[in-house]
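See below for the structure under consideration.
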Amino acid sequence: MSAHFDTIVIGGGHNGLVTAAYLAKGGQRVLVLEGRDVVGGAAATEEIFPGYRVDTGAHRIGGFSKRIVSDLGLAGRFELLPADPPTFAPVEEGPPLTLWADPVRTAEEIRTHSTADADAWPAFVKLVSDAAGFLESAWHATPPDITGTDVRDLWSSASLGHRLRRLGKRQMVEVMRILPMSMYELLEEWFESDVLRGTLAASAVQGLCQGPMGGGTVYLFLHHHVGAPSGVIRPTVRVRGGVGRLSEALATRCRELGAEVRTGAVVDRVVVEDGSARGVVLADGSEIRATRIASSLDPQTTLFGLLDPAYLDPAVARKVENIRYRGVTAKVHFALSGLPDFACRTGSGPHLEGAISIGPSLEYVERAYDAVKYGAVSAEPCLELSIPSLVDPDVAPEGRHLASVVMQYAPYALREGAWDEAARKALGDLVARTITRYAPNFESLIVDRMVLTPADLESRFGLTEGNVYHGEMTLDQLLFMRPIPGASRYRAPIEGLWLCGSGAHPGGGVTGVPGANAAREMLRGR
Amino acid sequence: MNWRRWSGYAAASSYELHHDREYWAIRNSAGLLDVSPLFKYRIEGPDAERLMDRIVTRDVTKCRLHQVQYTPWCDDDGKVMDDGTLTRLSSDTFRLTSALPNLRWLEDNARGMDVSVADVSDDIAALALQGPKSRAILHAAAGGAADDLRFFHMTEGQIGGAPVQISRTGYTGDLGYEIWTTPEHALTLWDTLTEVGAAHRMTPAGMLALDIARVEAGLILIDVDYVPAHQAVIEDRKSSPFELGLGWAVKLDKPSFVGREALLAEKARGAEWEFVGLEVSWDSMETLYGTVGLPPQLPSEGWRTSRPVYAGSRQVGYATSGCWSPILKKYIALAHLQTPHSRLGNDLSIEITVEHQRKKAAAKVVSAQFFNPERKRSTPGGAT
Amino acid sequence: MSAGRYDAIVVGGGHNGLVAAAYLARAGKRVIVFERRHVLGGAAVTEEIHPGFKYTVCSYVVSLLRPEIIRELELPRHGLEILPLESTFTPLPDDDYLVRWADHDQTRRELYRHSARDAEAYDEFGRLMYQLAVAVKPILAMIPPDPTSMSPKDLMGFLRLGKHFRGLGHEQFHALHKLMTMSSADYLDEWFETESLKATMSASGIIGTFLGPRSPGTAYVLLHHYMGEIDGAMRAWGFAKGGTGAVSESIASAAREHGAEIRTEAPVAQVVVKGGRAIGVALENGDEYEAPVVVSGLDPKLTFLKLVEERHLPSDLVRDIRRFRIRGSSGKVNLSLSELPDFTSLPGVGPLHQGAISVSPSFDYLERAYDEAKYGDFSSRPYMDCIIPSMIDPDMAPPGKHVMSIFVQYAPSDLEGGWDDRKREAFGDAVIDTLAEYAPNLPGAILHRQVLTPWDIERTMGLTGGNIFHGELSLQQLFCMRPAAGWADFTTPIRGYFQAGSGTHPGGGVTGASGRLAAMKILGGRL
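Chains as they are written, first to last, in this note's numbering: chain W, 297 to 822; chain P, 1351 to 1734; chain B, 15 to 541.
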């Protein structure tokens, strides 16, 4: 038995650290337990190639909350690098597409593909920005208990309604109308150019086991735009020195606020006494007690992995079991001897600085999805390539470059075979070959590479089924349904246990919001 | 002979045109009933005891080898899902019988446990031999294997060359046994018992006779006296064990089982309903029928339709089963009453229809166990 | 020159138009219905295409005909007789099969054969669906409030709706939310493990949509089957004696009894609008009829973009109707047969022939059928829902002979390169070839076949895109968004001009609900 804490936070990912910092700031004695040797969870920077600083998991941060930066006094402790253009979409034939931060410039770029699309662009950008603004206000609220009578709930849902009404009645209805739609249906209404449709569609299905023709994909597209400056579509924001810098800054801030952050401390189980969580037992057998436990691990790992199943009501356990994960993304990191040279736009230039999206048409993205329905890897995958070394030279040795690729779709469980070394190699080759079709010199630049399949993402980062969001971001797993219906207000179904990771509202991405919301509820629940 | 549905099987309502002789056989000699349609599960493994203790409300750790426990089990909200018997076949093997399918519930509760659950409903045939002569018949058929078998215990033996398990259990409230075997031996078992039983005036018995016997014994019937929680369409239809007279089977001192929190809370505030017996007043019946010039008309079969129960003019509950008890010579019913009105001895009234007109017959609250003979529990050696 | 004056004119003698006409006539209005074709019923018709054999050409089951319509219009007295469709038989490729029988115990035994867990889950699932159907039922019977309006009436409508949902309690509310947002495959995966059971159940969720069972938004239609069940005593689910056309005929009979006039082969060219008000219609033959109320039973595209001129409508609405999704995804094959199909997995003539036969062996099968349609082709191995009307109603075919009705999905209306006669027959061949894999005697038993692609359905029945539901049943096209926000209350921006087709709430299927609600709106809330 060791010292008693107010709160033990399990998992030193960015959300766990945010929760810890807020609690420490609120005067609690806090202990963060991270199983790996680095903090950050899936937002960590590791030297997997000598001399490289590689963001092995998340390499973009989407909408890391400005409110959190200011609340926790993080300003100046890490540097954000928003890319402009945020996205470049190469094609095999014809002109490529660049999305600039400036919508006017983007519209001109689109004009080379379609005049009608260029004309429609400003209104589309406004719709996305309005809808994302609405979602943002929902992000920071604790999901209402719809069937309850809690006055706070009514107030918070009313203020959301108010926010929605502020959009004006046509736009309000428009936002509500598009939320459940498929990206395909939305884009049918707006655009005709293949590469534009493909590039936007690719964003709507990132990390999702759906194609752009699947209902509800518009939601995920909007989710990616929360917190982005108005006008920016498919924002790409990196952290100088790697995303690990953000996590390290958070850990440092936690310590300054009095919290203890331990790495290499694997939690074996949560101790439950009289139906309440009272502490944790580490893998080394030592027990640490606390008044409450907050887990930033995903809900299934927390509730099935750390708890004796007998503590969960069977009806609750069924709900936990029904959380859909189904990771479909693989990550491939390449150490490169130089910069890829795209046939459609040769040479170096700003187009290489943001995300390079390979998804030349909506149908291409949808076909890539088809494979995963039947448990196979896409023959022609959707890729998002990021070369951070171009804007942040410190992450690669002099003259070298780093390319991190998010590949989609790769099933968590292959129907034929398993994720063995051969399958992993085939996946890496497929990615390299696909990029080479657009940038012919790519394969010749490869010095080293690391392939992380969905199964690897699970074992490396503890992401169940390799899902980067700690649970699919679909309409049935959001708001009061996240992580499970009836436990959406950061309280786990066990007294004294809280959930503060991406599995809770508002979900995945390096935003810090679930962690901050959970801390607020915990401080209120005292 | 007429038939009815029972869990996808055809079961005899009665083997003759009227069930009267079958009923009297159960109370006077012995009746043989095919209870094979019961659902049966085999729970096996190091965590078998833990799983069963988590699911049912009784304390399974106290269930010794070859002992049988009658028990209800509840959902998370402490509402009864089903009831049945649990037999410990070995230190880490149990058999659970139930009226409804429960495989999914058993499996879902077994998450993370080292235990296997097998649906053996179709692998086990079962006959109930019930009545005062059942021990003698079994003695002749099974060579004394069950002579000393105590109430709610089981043993193994052979009948007509068929390996059987015999448990001293039943649904009649009388001395009786249930005999379990595999389907290929089922006919031999039936034939042997029929042959041996003839000398003791044993007859096959159907559901109609059983229904009267179980009402006399105050034994609840699923879908009649209560609606299983996971099939109730509306909340009000659900019942807790306290509301079904099964409070004795709820062991709240167990550290954890499904529904415990809800049941603790209910215990603390007191159940809203109670399950009791009603004795309908003969005098009242006589008066009511007398006004139309008839003697009291009695139901020839047990009834299973809900009938309102009143305290004065206010409805305070409803009866779910009732019958004329041939052995007690009383018109009896099983009823759900709101607690202030469920005190033993309370005078209430129950709705009956006299010549197409609704009337209220006087009824007194009594224990649901109308018939409870000494022979039910006793053993020749004296041990119970 | 006016050829006649009426209180109300109904454009289109489909079942919804007829229902609206019947209610208006019942309320004492002088009503006339104009139908373009020679038969009434629109997509709910029975025709003797092949002598002696009656085809339920398009729609083939009475899915959800509102019990209040049956009651209020006294349809049984007008000849409506709904016969039970007893079972759903799913033949499987490995010579196995799955049947859900009318009898609960028999179904349980059959499911148990595939999975003991599923047999149990099926009952619990049924209970939940029953509860949800009860919860949803009032919504089907209400005129949707307007989300763009701040009027007290509309706000009250939403408040009432909110209160209704809050009253459901957690479990049901969450289950309903999941049902509205999930894919039928995911929803069923939470309950069942038998692939053929899940696939067959999910099929009801994809009918009339351009989605596969794995696409979110397909789960809620699972409720429809159970909606029929809560009206159990009315037996609203089944086969109408005489085919679906008999439903239309019985409604027409009720309408006529109340004094409505019904003209066939009388195509309407245009609704006459004067000063922002509908004052009558002009037929294609030049005749004009006057009425202060004009009701369109046609789909939204025709109602707003063809029957009236755009200049009478706000541009927002024109935009909304233009983008209203109405892509047809299904076709129909009707067969005259010399003998019944003999299924290798369950040979001989049996009760299965009196029920539905569903070719839906697995999610993969349905998804592959969908994949082909996504990229513009028809499914080479389609999902099919078949019934043999002559086994339910012997008057549908000569003695000893049979008719078979086959609903087929997916057949995209916008087939790559367009539909033509050759492609239609190729589509018909794909249907027969697929069925022959399960019932090899079928091709040899065919005396006559009629193949309808969305192209044919559009040309014959006038349904835009050949969409059987007058618009896809996707979440953004339901309730107060059907057909467009602000115009889901059966009115239009043209005073006196109303909508009553399936393109309005609640839409889809032979329910008559839209026609009834439209009449209610026209009559000021009272029928």
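Backbone N, C-alpha and C define an ideal beta-carbon position, used for all residues, glycine too.
Keeping to the same chain, check which residues put their C-beta closer than 8 Å to that of residue i; ignore five residues upstream and five downstream.
i: D1633 (chain P); result: A1712
i: E430 (chain B); result: Y389, G390, D391
i: D555 (chain B); result: What is shown of chain B runs 15 to 541, which leaves residue 555 (chain B) out entirely.
i: R373 (chain W); result: A545, T548, R549
Within the same chain, show all residues whose beta-carbon is closer than 6 Å to that of residue i, passing over the 5 residues directly before and after it, in chain order.
i: D301 (chain B); result: A17
i: E100 (chain B); result: A116, Q368, G369
i: P1730 (chain P); result: none
i: G336 (chain W); result: G540, S543
Quick one, are the C-beta atoms of residue i and residue j less than 7 Å apart?
i: A35 (chain B); j: A274 (chain B); result: yes
i: P779 (chain W); j: G799 (chain W); result: yes
i: S216 (chain B); j: A189 (chain B); result: no
i: S210 (chain B); j: G342 (chain B); result: no
i: F253 (chain B); j: L97 (chain B); result: yes
i: G507 (chain W); j: Y665 (chain W); result: yes
i: T1531 (chain P); j: A1475 (chain P); result: yes
i: G442 (chain B); j: D313 (chain B); result: no
i: R277 (chain B); j: F48 (chain B); result: yes
i: R291 (chain B); j: G510 (chain B); result: yes
Compute every distance between the C-beta of residue i and the non-hydrogen atoms of the ligand FAD, then say whether any falls below 6 Å.
i: V465 (chain B); result: Of the ligands one can find in the structure shown there are none, so the ligand FAD has no counterpart to examine.
Consider the Cβ of residue i: report whether some Cβ of chain W lies at a distance smaller than 7 Å.
i: L489 (chain B); result: yes
i: D385 (chain B); result: yes
i: S229 (chain B); result: yes
i: A498 (chain B); result: no
i: R341 (chain B); result: no
i: P65 (chain B); result: no
i: G1462 (chain P); result: yes
Quickly, what does DSSP pair residue i with across the bridge? List them, please.
i: G544 (chain B); result: Nothing can be reported for residue 544 (chain B), as the shown portion of chain B is limited to 15 through 541.
i: T1447 (chain P); result: P:K1390
i: M398 (chain B); result: B:V373, B:V422
Closer than 7 Å, CB to CB, is residue i near chain P or not?
i: D666 (chain W); result: no
i: G31 (chain B); result: no
i: D119 (chain B); result: yes
i: D609 (chain W); result: yes
i: A613 (chain W); result: yes
i: Q186 (chain B); result: no
i: P605 (chain W); result: yes
i: R395 (chain B); result: no
Would you kindly report the start and end of the unbroken alpha helix (DSSP H) that includes residue i?
i: N311 (chain W); result: 310-321
i: W1598 (chain P); result: It is not in any alpha helix (DSSP H) - W1598 (chain P) carries neither H nor E in the DSSP assignment.
i: F420 (chain W); result: 411-435
Identify, in the order they occur along the chain, each residue of the same chain with its Cβ nearer than 7 Å to the Cβ of residue i, setting aside the five sequence neighbours on each side.
i: L237 (chain B); result: M143, L146, A147, V150, L193
i: H1550 (chain P); result: S1379, A1380, K1483, A1486, I1487
Quick one: give me the first and last residue of the beta strand (DSSP E) that residue i is part of.
i: K669 (chain W); result: K669 (chain W) -> not in any beta strand (DSSP E); alpha helix (DSSP H) instead, spanning 658-669.
i: V1608 (chain P); result: Premise fails: V1608 (chain P) is in no beta strand (DSSP E) and is neither H nor E.
If you measure from the beta carbon of residue i to each beta carbon in chain B, is any gap under 7 Å?
i: L1571 (chain P); result: no
i: G1358 (chain P); result: yes
i: R473 (chain W); result: yes
Query raised in the report: Taking Cβ-Cβ distances below 7 Å as the criterion, which residues of the region 755-782 of chain W are in contact with chain A?
Result: Included in the structure are the protein chains W, P and B, with no chain A among them.
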